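Reviewing the structure listed below.
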């Protein structure tokens, strides 16, 4: 895609001098008009270059053009930078000042580089030379981006009249430069956005949109600071740009920075229920607790008991790297041999179910054991279970997400049952915590109960038994 951007001259420098003499008064006016044009070629989903632009130069000077290259692919890649012109010498310099022709970038990251052009002495005024800059993937040469920079040579006048007054007209601010945002990927907490201070700026306006064209932008900040913090940023990819303003008007928009927002915060269960073999037609989806094991004490006894839990992870993109996923449930009470160790299984559910209609008779089939965790009668409190492999499978589409089932020993000769809180009990409901690269889980304290039971990974107290 080739896009041409242009605008009418808006910055003019006036050199005014006043010469007084015996024969009268002469006013000399030197007008210099800055030309601005932009052209860019970008391949969506591959490599992006910031827009090219035009500059005016005198013969014998060095002209610099600064650009950003962005890796829009899902893989780390090396990009070759090539600048061509048949007329004048060109150098490519990275942000650190070193000569470079190759730039390695991780997915979503940007890097600045500068094109330095030596304008030869003696070039005639009015000469226009265009330079083509191309960034090409070294992994896949068909992925590339091309822009053009232009230099127009102007004659340098040697006449100087005093007094010398330099005036920008209209004196609108320079365009600010928006800094990269969190490496392009953001998982949780507050999102910090910063930009450079612009000359003649009185205040700034920051916009956010879900597309790079800013077809329906939202103003998220307007003020004098060059720092802004976004709170509770929604899922998806966000694009940001900023402009400076003063009483004369606005600057041009800054460069665009993007960030993909993932949600680290614990996901609460979206559905949960219990099914009982001795009450095969009954549904228990509205209860505040769910049961696992084999009961002989209730009237009538429940016999075999299983619990189902559903979590929604559909907002996580399928190519997201998940470093860890942990399910947390709160054991409210239990009935078993005193301090007898047990192991409960987390099994993948292979069919659909409904919180308010599923019964023992209509329950879905169960798949493999995804995880197991130890419990003991009397060791009530939070239990944290590693379900990383299972959640990765849901996110990548390896298998559909029908949730999990908690299953215990179901033998009539070995009665036991375990009661966990459901999502109907605020604060104590089941949660799923997903961690992404660079975003570790908050620190938790692993505690030993006074009775010696282990497995409680929380620094918050369990809800007291009635």
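Residue numbers (our numbering): 1 to 466.
Don't be surprised by glycine CBs; every beta carbon is placed ideally from N, CA and C.
All values reported here derive from a predicted model rather than from experimental measurement.
When the options are compared against residue i, the one with the closest alpha-carbon
i	options	result
residue 182	287, 238 and 140	238
residue 255	199, 227 and 179	179
residue 353	320, 272, 399 and 93	272
residue 241	234, 269, 278 and 175	175
residue 244	229, 171, 357 and 289	171
residue 53	60, 429, 130 and 228	130
residue 145	153, 83, 127 and 163	83
residue 248	173, 426 and 284	173
residue 51	246, 150, 401 and 350	150
residue 336	384, 294 and 87	294
residue 374	411, 329, 364 and 398	329
residue 332	289, 343, 222 and 317	289
residue 343	91, 204 and 372	372
residue 75	138, 89 and 280	138
residue 134	394, 92, 357 and 313	92
residue 317	387, 396, 85 and 71	396
residue 361	89, 334, 215 and 280	280
residue 200	233, 191 and 224	224
residue 379	408, 313, 366 and 338	338
residue 85	383, 101 and 132	132
residue 296	387, 410, 406 and 392	410
residue 407	367, 320, 423 and 427	367
residue 287	312, 356, 257 and 334	356
residue 364	387, 310 and 388	310
Residue i, enclosing beta strand (DSSP E) - first and last residue
i	result
residue 389	Note, residue 389: premise wrong, no beta strand (DSSP E); alpha helix (DSSP H) at 388 to 396.
residue 225	Run containing residue 225: none; DSSP gives neither H nor E here.
residue 326	324 to 335
residue 481	Outside the displayed span of the chain (1 to 466) sits residue 481, for which this structure offers no information.
residue 231	Unbroken run through residue 231: none, as it is neither H nor E.
residue 432	431 to 435
residue 55	54 to 57
residue 49	47 to 49
residue 125	Where residue 125 is concerned, there is no enclosing beta strand (DSSP E), given that its DSSP letter is neither H nor E.
residue 339	Here residue 339 belongs to no beta strand (DSSP E), and DSSP marks it neither H nor E.
residue 374	366 to 376
residue 307	303 to 310
residue 416	416 to 421
residue 209	203 to 209
residue 428	No beta strand (DSSP E) holds residue 428; DSSP gives it neither H nor E.
Inter-residue spacing [alpha-carbon to alpha-carbon] between residue i and residue j
i	j	result
residue 326	residue 207	36 Å
residue 103	residue 210	28 Å
residue 308	residue 315	21 Å
residue 17	residue 156	Residue placement at residue 17 is flagged as unreliable, the pLDDT there being 31, under the threshold of 50; a coordinate-derived value is accordingly withheld.
residue 69	residue 142	16 Å
residue 381	residue 229	36 Å
residue 121	residue 127	12 Å
residue 123	residue 94	28 Å
residue 46	residue 77	10 Å
residue 412	residue 301	11 Å
residue 43	residue 125	Only weak support exists for where residue 43 lies, its pLDDT of 46 falling under 50; the value from the coordinates is given anyway. Their backbone Cα atoms lie some 36 Å apart in a straight line.
residue 285	residue 425	12 Å
residue 236	residue 87	46 Å
residue 57	residue 153	5 Å
residue 212	residue 108	14 Å
residue 385	residue 73	34 Å
residue 444	residue 204	No answer about residue 444 holds up, because its pLDDT of 41 lies below 50 and its placement is not dependable.
residue 147	residue 79	15 Å
residue 169	residue 253	18 Å
residue 303	residue 394	32 Å
residue 110	residue 261	17 Å
residue 214	residue 259	14 Å
residue 222	residue 177	16 Å
residue 193	residue 233	12 Å
residue 33	residue 55	Annotation note: pLDDT 29 at residue 33 (below 50); position unreliable, no value reported.
residue 398	residue 90	51 Å
residue 392	residue 202	48 Å
residue 467	residue 421	There is simply no residue 467 to check, as the chain begins at 1 and stops at 466 in what is shown.
residue 81	residue 48	12 Å
Nearest-angstrom Cβ-Cβ length linking residue i and residue j, presumed shorter than 8 Å
i	j	result
residue 226	residue 195	5 Å
residue 269	residue 435	About 18 Å separates the two Cβ atoms, so there is no contact after all.
residue 341	residue 305	Contact flag wrong, Cβ pair sits at about 19 Å.
residue 292	residue 417	7 Å
residue 358	residue 283	6 Å
residue 345	residue 369	5 Å
residue 267	residue 432	5 Å
residue 198	residue 251	6 Å
Residue i CB to nearest heavy atom of the ligand SAH below 8 Å
i	result
residue 116	With respect to small molecules bound, the structure shown includes none, and the ligand SAH cannot be examined in it.
Given 8 Å as the limit, is there contact between the region 110 to 120 and the region 55 to 75, that is, 3 or more CB pairs closer than that?
yes
Quick check: the region 397 to 404 against the region 348 to 362, are there 3 or more CB pairs under 8 Å?
yes
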